[in-house]
Structure formats: C-alpha cells, structure tokens
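When the letters of the sequence shown are read in order and numbered with the working numbering, they come out as residues 777 to 1006.
By construction, the Cβ of each residue, glycine as well, lies at the ideal position given by its N, Cα and C atoms.
Please read the structure below before turning to the comments.
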Amino acid sequence: MRGLLAHDAGVGRDGAGVSGLALAERLGVPAATVAAHSARIGDGESVYADGLVSHANRLAAALGVVIGGKAGDVAHAMLAAPPGAPSPEPIVDRRQRIAREMAVGRIVLVDSMLFAGPENRHDVLCAGSHGGRVNMARALEIRPRGALFSDGGGARDRSGVDGLPLLDVADVPAAAVDAMRARIGESASTWADGVISAVNETARRAGVLVGQPAATAAQAMLEHRRRTEA
C-alpha cells in the first residue's frame, strides 16, 4: 500500500490506538490517524470525510501531513508515495487463548471478534476490537454467552459502542471497557486491565455494571447464561 489512514481510538492506554504508526514506518508506509472526536470509528467514509489528523509517522510528515489536517487531503497526498514493503512475519495474532475455564463455561480471549467462530457458541468472548456496529456481524453469527469489547476511546457519535444494543436482539450480554484503562486491540489487556464503561440491556440484566472489572463482568455473563439455560 502507498499510505494508511486510521482512527486513533482516543489513543488510549500506552498509546495503543496509534501504535501501528511505527510499524507502518518500518515497512515504508506513510501512516496517520484521525482524532476520535472527529470521525466515527469503524466507518471509513467518516474517517475520510470528517477526520482530522491527530498523529502521523515521519514518512507521512515528509509528505506534508500536519496535525489537524483534513483526512481527505492527507489521503490524496499519500498517493504520491511509493508502495511499502510487505511484512516479513505475521503482524496479527489470530490465536484464541482461554483465560478461565469452569464448570459453567469458558472465557476466551480473541484480539478481534473476527477471530472467533462457531466453536465459541458457549463461551464468553473477550475481544480487543471496539464495540461498534461493524464488529457485530460475527458476534451475531456466533451468539456467544457474552461479549466484551473496547469502547473505542470516545469516538464520534459513540460509534465505539453503538453495536452493543444490536446484540440485545440475540439475547447476548455485551459490554465495553474504557480504552484509557485497557489497550485496544489486545484482548489480554481487555481481560486483565479492563473496566466496564458501557453495557447493553441484556448485560445490565445479567448484573454487569459500569465501573466493574472486566473479569467480574465476564463471570456475570457466564452465570447469567447458566441460569437462563437451566
């Protein structure tokens, strides 16, 4: 690719929302992020049309990309760059990891909800991805016992959590953790560091509360499903 524009997810804990900029630079790709408040997360049209640059790597800066610049202008500037190099090794860890296994079920970590499958139907899934609408299709296919996401760092129009109510239709408890407390894109951080910032109605009925640790919320989701399936 010649360039990359992404959402910064509020930057978040340890700068996780912009951590890919350095990797892109190592691969010879100009890259920049847009501020969470300026564009909807998971919505490429909004990033392009509404986004205002919040961070840029050195290759992007060399093309004239400036903080506060319009994303559309940046995208056109990046067309002048040569294509970057492919990564010599996998960038994304697609493995599932079991955080907890009990008689009532498992809590499984997936860095993206896209890495879950039908085998996770009876699990609570703890994901690194945000809780926007674009990430709900896989969860609706699987209908797990529960789902935890990142809240996307206060993205415009609450787009980092606007998918949670969609899971109410499937009776799936769903919640998001504060991106300032857990690193977005890292399910292990969602699980270990996460603090609940948003819940859907099904999660609320299961006893999941804003301010709870993610581990407590995941356990509540498992117990809720056990009760309803009994």
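Between residue i and residue j, what straight-line distance do the alpha-carbon atoms span, to the nearest angstrom?
i, j, result
"residue 833", "residue 807", "6 angstroms"
"residue 948", "residue 935", "19 angstroms"
"residue 921", "residue 977", "14 angstroms"
"residue 954", "residue 818", "17 angstroms"
"residue 914", "residue 783", "21 angstroms"
"residue 986", "residue 973", "5 angstroms"
"residue 838", "residue 887", "32 angstroms"
"residue 912", "residue 940", "8 angstroms"
"residue 878", "residue 899", "11 angstroms"
"residue 1000", "residue 824", "41 angstroms"
"residue 853", "residue 959", "30 angstroms"
"residue 929", "residue 801", "24 angstroms"
"residue 846", "residue 883", "41 angstroms"
"residue 781", "residue 868", "18 angstroms"
"residue 836", "residue 943", "38 angstroms"
Report yes if the C-beta distance between residue i and residue j is below 8 angstroms; otherwise report no.
i, j, result
"residue 844", "residue 828", "yes"
"residue 813", "residue 981", "no"
"residue 860", "residue 805", "yes"
"residue 904", "residue 961", "yes"
"residue 851", "residue 779", "yes"
"residue 885", "residue 875", "yes"
"residue 971", "residue 957", "yes"
"residue 966", "residue 902", "yes"
"residue 983", "residue 994", "no"
"residue 950", "residue 990", "no"
"residue 968", "residue 927", "no"
From the DSSP secondary-structure annotation, give me the bridge partner or partners of residue i.
i, result
"residue 891", "Bridge partners of residue 891: none, in fact."
"residue 876", "883"
"residue 922", "900"
"residue 989", "971"
"residue 780", "807"
"residue 942", "Residue 942 pairs with nothing; no bridge assigned."
"residue 906", "926"
"residue 828", "846"
"residue 952", "925, 974"
Taking the alpha-carbon of residue i as reference, which of the options has the nearest alpha-carbon?
i, options, result
"residue 906", "838, 995, 975, 1000", "975"
"residue 894", "919, 872, 904, 878", "919"
"residue 816", "786, 946, 790", "786"
"residue 1022", "892, 877, 938", "The requested residue 1022 does not occur in the structure, where the chain is confined to residues 777 to 1006."
"residue 910", "983, 896, 925", "925"
"residue 945", "777, 842, 979", "979"
"residue 803", "984, 857, 830", "857"
"residue 795", "830, 820, 777, 826", "830"
"residue 862", "799, 916, 897, 872", "799"
Would you please verify whether the beta carbon of residue i is less than 8 angstroms from any beta carbon of chain D?
i, result
"residue 916", "Considering every chain present, this structure includes no chain D. It has just one protein chain."
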